[in-house]
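Working notes, beginning with the structure itself.
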Amino acid sequence: MDLFFKYLQYEKRYSPHTLTSYHTDLGQFSDYLLQIYEITDPAEADHTIIRSWILSLVQQNIQPRSINRKIACLRSYYKFLLSQERIKANPMLRIKAPKVTKKLPGFVPEEPFNNLLDGFEFEDSFEGQRDRVILEFLYGTGMRLAELIGISEQDIDRYQKTVRVLGKGNKERIIPINDSLWQSINTYLAHKKREFGDNNSEKLLVTTKARPLYPKFIYRVVKKYISLITTSEHNSPHVLRHSFATHLLNKGADLNAIKDLLGHASLAATQVYTHNSIEKLKSIFEKAHPKA
Numbered sequence: 001m002d003l004f005f006k007y008l009q010y011e012k013r014y015s016p017h018t019l020t021s022y023h024t025d026l027g028q029f030s031d032y033l034l035q036i037y038e039i040t041d042p043a044e045a046d047h048t049i050i051r052s053w054i055l056s057l058v059q060q061n062i063q064p065r066s067i068n069r070k071i072a073c074l075r076s077y078y079k080f081l082l083s084q085e086r087i088k089a090n091p092m093l094r095i096k097a098p099k100v101t102k103k104l105p106g107f108v109p110e111e112p113f114n115n116l117l118d119g120f121e122f123e124d125s126f127e128g129q130r131d132r133v134i135l136e137f138l139y140g141t142g143m144r145l146a147e148l149i150g151i152s153e154q155d156i157d158r159y160q161k162t163v164r165v166l167g168k169g170n171k172e173r174i175i176p177i178n179d180s181l182w183q184s185i186n187t188y189l190a191h192k193k194r195e196f197g198d199n200n201s202e203k204l205l206v207t208t209k210a211r212p213l214y215p216k217f218i219y220r221v222v223k224k225y226i227s228l229i230t231t232s233e234h235n236s237p238h239v240l241r242h243s244f245a246t247h248l249l250n251k252g253a254d255l256n257a258i259k260d261l262l263g264h265a266s267l268a269a270t271q272v273y274t275h276n277s278i279e280k281l282k283s284i285f286e287k288a289h290p291k292a
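UniProt numbering numbers the first residue of the sequence shown as 1 and each following residue consecutively.
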C-alpha cells in the first residue's frame with residue numbers, strides 16, 4: 001500500500017485531497033477483509049469478495065457517488081498490483097459501479113454575492129483582508145480549493161495581472177486577475193508584510209502563525225460569508241467555482257474559454273454548467289413569452 005500511495009503522489013501527481021480519500025477508502029476495505037474474511041493482504045481478494053464489500057456499503061446507505069470513488073480507488077490499486085506482478089488477474093474487471101443521478105452544480109446568486117464583496121465591511125486587519133481575498137480568489141478565478149492553497153506569491157504576475165495555477169495532473173494554467181481581486185491582493189499583501197515582515201511562508205495565504213492555510217480553514221471562511229446572503233446548503237469553496245462558471249456562461253462567455261479557465265481536461269466536464277444556464281433561459285421564457 002505504501003508503494004501504491006507513493007506511486008499516486010509522485011508519478012500520477014494526485015491531489016492531497018484525493019490521496020487522503022484513497023487512504024481512507026483502502027483502509028476501510030482492508031478492515032472489512034480482516035473482519036469478515038480474515039484476509040490481511042488485499043491482493044488476495046477476488047471479485048466476489050470485492051462485490052460483497054460494495055454491497056455492504058449500499059446496505060449502509062452510503063451515497064452512490066462515494067461508493068464510486070471507493071471503486072475508483074480499488075481500480076487504481078489493483079491495476080497497480082497487476083503492473084507490479086503482485087496479482088495475475090485484475091478482479092476489478094468484473095465490478096460494475098452503481099449509477100449516479102447527476103445533480104446540477106449549486107451556485108450562489110450573482111447579485112447578492114457581488115453586493116457582499118462590494119458592500120460588506122471586511123475588517124481592516126490581516127485576518128479580515130485574508131478572508132476577503134479568499135472569497136475574491138475562489139469566485140474571481142474559479143480555481144479549486146487545493147489550487148488556492150498551493151499558490152505562492154511568486155505565482156502572481158504583477159505586470160500581466162495573472163496568476164499561475166498548478167492543477168490536476170500537475171498541469172499548469174494561467175488565469176487573469178480582475179481589478180477587484182487585484183486590489184484585494186495588494187491590500188492583503190500589505191497587511192501580511194506588516195504582520196510578519198519578511199519572515200513568512202512563501203505561500204500566499206497563511207494563518208496568523210504564518211503557516212499555509214488548510215482546507216477546513218477555507219471551508220469555515222466561505223461558509224461564514226455565504227451564510228450571510230443565503231440559507232442554501234451550497235456554501236462550500238467548490239460552490240464558488242461553480243458560481244464562477246455559471247455566471248460567466250450566463251453572460252455569454254464561450255464554453256471552451258470557461259473550460260480552459262477551470263482547467264478541465266475535456267469539454268464534457270464543462271458542459272454540465274449549460275444546464276444551469278438553460279434553466280435560467282426557461283425561467284425568462286416563462287415570464288416573458290406571451291405563449292408561455
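Cβ atoms here follow ideal geometry from the backbone N, Cα and C, with glycine treated the same way. This structure is a prediction, so every number in the text was calculated from the model and none was measured.
Assign Q59 to one of two classes, buried (16 or more other C-beta atoms within 10 Å of its C-beta) or exposed (fewer than that). exposed
Is S152 helix, strand or coil when you go by DSSP? strand
R211 in three-state terms, based on DSSP: coil
Candidates A45, L249, N178, L145: which alpha carbon is nearest Y32's? A45
Would a C-beta distance cut-off of 9 angstroms place V133 and L228 closer than the cut-off? no
Give the single residue among L262, K192, C73, S232 whose Cα lies nearest to the Cα of Y22. C73
D124 Cβ short of 8 angstroms to the ligand FAD heavy atom set: Judged by which ligands are present, the structure shown has none, so any question about the ligand FAD falls away.
Where does A245 land, buried or exposed, given buried means 16+ other C-beta within 10 angstroms? buried
Are the region 180-194 and the region 133-143 in contact at 8 angstroms, needing three or more beta carbon pairs? yes
Once the 5 residues before and after N90 are set aside, which same chain residues still bring their CB inside 7 angstroms of it? Y78, K79, L82
Alpha-carbon spacing of I254 relative to L262, whole angstroms: The question names Ile, yet the displayed sequence has Asp at residue 254. About 13 angstroms.
In or out: I174 buried (at least 16 other Cβ within 10 Å) or exposed? exposed
Please list the terminal residues of the continuous beta strand (DSSP E) segment that includes P176. 172-176
If you compare alpha carbons, which of Y188, I177, F29 is closest to P42? F29
Where does D157 fall in DSSP's three states? strand
Assign I36 to one of two classes, buried (16 or more other C-beta atoms within 10 Å of its C-beta) or exposed (fewer than that). exposed
So, helix, strand or coil for L166, using DSSP? strand
According to DSSP, is V206 part of a helix, a strand, or is it coil? strand
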